[in-house]
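Residue numbers (my numbering): 12 to 78. All C-beta atoms in this analysis are idealised placements derived from N, C-alpha and C, irrespective of residue type, glycine included.
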Amino acid sequence: MWKKILAAVLGILVGYWLIDDFDPDLLKGKRVVITGASAGIGEQMAYHYAKMGANVIVTARREQKLQ
12 MWKKILAAVL
22 GILVGYWLID
32 DFDPDLLKGK
42 RVVITGASAG
52 IGEQMAYHYA
62 KMGANVIVTA
72 RREQKLQ
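Below, the structure written as structure tokens:
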């Protein structure tokens, strides 16, 4: 039981460390493919990556929702 708790805590700490070191300038001019970009998380990710300067390619099941 304690091994699972320790693994979870370590996973959370590593996650925070990785997120903290993120540099948005790394995305400038890069191509990013977002699937499911017509709504929800995919849509918001597409907006955020575009704001960071990435060339965003979006896909979805229904083309009408992308426009």
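Query raised in the report: Under the rule that 16 or more other beta-carbon atoms within 10 Å means buried, what is residue 10, buried or exposed?
Result: Given that the chain is displayed from residue 12 to residue 78, the structure contains no residue 10 and the question cannot be resolved.
Requested in this report: Taking residue 46 as the reference, give the member of 33, 12, 35, 55 with the closest Cα.
Outcome: Taking the first residue of the sequence shown as position 1, residue 46 is located at position 35. The residue with the shortest Cα to Cα distance from residue 46 is 55.
**Report entry** At least 3 beta-carbon pairs within less than 8 Å: the region 33 to 53 vs the region 13 to 24
**Finding:** Contact fails: fewer than three Cβ-Cβ distances are below 8 Å.
Report task. Quick one: residues in its chain with C-beta nearer than 7 Å to the C-beta of residue 71, no 5 flanking neighbours on either side, listed in chain order? Result -> The sequence position of residue 71 within the sequence shown is 60, counting from 1. Excluding positions up to five away in sequence, the list reads 47, 48, 49, 77.
Query raised in the report: Which residue or residues does DSSP assign as beta-bridge partners of residue 68?
Result: Start at 1 with the first residue of the sequence shown, and residue 68 comes out as number 57. DSSP lists 44 as the beta-bridge partner residues of residue 68.
Query - Alpha-carbon spacing of residue 74 relative to residue 22, whole angstroms - result: Position 63 of the sequence shown holds residue 74. Position 11 of the sequence shown holds residue 22. Their Cα atoms are separated by approximately 38 Å.
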